[in-house]
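Asker:
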Ligand code: HEM
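Residue numbers (this note's numbering): 225 to 444.
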């Protein structure tokens, strides 16, 4: 067996894979959230940004491939870690009262699954246009797609609930990736934990801003 495969078979190997692929995801959501804020600058700004991304051709294909592989590896490692943990304690705890785990850490699995469902529906909604909650879709008019969709309350609600899941997932994920990669500071309130909280809060607020602004009529 190769050294890489032997490393991956250990729990820490899977955690490192989750950490690295998770960091790729964090870089993507920061970039995506920043791009979305162009909706506040009007149709011209966000539509030409979208047009620019699509015009990069092969670069976009490579970025998409990296993202898809990262998501697949992240999910497989998470599922295998869960199975490994359950096998190590098949009976479960009689009286389980977690001492140090946070609410966010306990929602990682369900929140992660919700995010997976969100990503699939989101791509069908804004990238392929197979889901048209407002009945309209144009690949050339991202701004129009955003405005039409976020005038519908249940679309906004679905995005807001998904972004809550994203916020918790990011906070806990960013912090545990620091620990898995051995970058933790020996302190009761390490800087990295505060950075994880700030990243999660900024990404959450940036994503939520667009649907809320459209819904209340600030944009559109
Ligand atoms: C309120 C939050 C969000 C809004 C308004 C939003 C909006 C959009 C829009 C308009 C597109 C199409 C862009 C284009 O065709 O040029 C898009 C694509 C995409 N979004 Fe989002 N997004 C949000 C959150 C997220 C989150 C949280 C994720 C991932 C966790 C995500 C992942 C993606 C992916 C993977 C694509 C496809 C990119 C590609 O074309 O390859 N989005 N989003």
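Cβ atoms here follow ideal geometry from the backbone N, Cα and C, with glycine treated the same way.
No experiment lies behind these values; they were computed from the predicted model shown.
In angstroms, rounded to a whole number, what distance separates the CA positions of residue 402 and residue 417?
Answerer: The count along the chain shown starts at 1 and reaches residue 402 at position 178. The count along the chain shown starts at 1 and reaches residue 417 at position 193. Cα to Cα, residue 402 sits roughly 9 Å from residue 417.
Asker: Hey, out of 273, 344 and 302, whose CA is closest to residue 244's CA?
Answerer: Against the chain shown, residue 244 aligns to sequence position 20. Checked all of 273, 344 and 302; the closest Cα to residue 244 is 302.
Asker: Exposed or buried, which one is residue 278 when buried takes at least 16 other CB atoms within 10 Å?
Answerer: Here residue 278 refers to the residue found at position 54 of the chain shown. Exposed is the label assigned to residue 278, since fewer than 16 other Cβ atoms lie within 10 Å of its Cβ.
Asker: Does the distance between the C-beta of residue 337 and the nearest non-hydrogen atom of the ligand HEM fall short of 7 Å?
Answerer: Position 113 of the chain shown holds residue 337. Not under cutoff, so the answer is no.
Asker: With 16 other CB atoms within 10 Å as the buried threshold, where does residue 389 fall?
Answerer: Locating residue 389 in the chain shown gives position 165, where the first residue counts as 1. So residue 389 counts as buried.
Asker: For the putative contact between residue 393 and residue 335, defined by C-beta atoms under 8 Å, what is the C-beta separation to the nearest angstrom?
Answerer: Translated into positions along the chain shown, residue 393 becomes position 169. Translated into positions along the chain shown, residue 335 becomes position 111. Right, the Cβ-Cβ distance comes to about 5 Å (below 8 Å), so this counts as a contact.
Asker: Just the C-alpha distance for residue 376 and residue 440, rounded to the nearest angstrom, thanks.
Answerer: In the chain shown, counting from the first residue as 1, residue 376 sits at position 152. In the chain shown, counting from the first residue as 1, residue 440 sits at position 216. Their Cα atoms are separated by approximately 11 Å.
Asker: Examine the Cβ distances between the stretch 414 to 431 and the stretch 253 to 264 and report whether three or more of them are shorter than 8 Å.
Answerer: With the rule of 3 Cβ pairs closer than 8 Å, the stretch 414 to 431 counts as touching the stretch 253 to 264.
Asker: Check this for me: beta carbons of residue 423 and residue 250, under 8 Å apart or not?
Answerer: For the purposes of this step, residue 423 is taken as residue 199 along the chain shown, with counting starting at 1. For the purposes of this step, residue 250 is taken as residue 26 along the chain shown, with counting starting at 1. Yes. Within cutoff.
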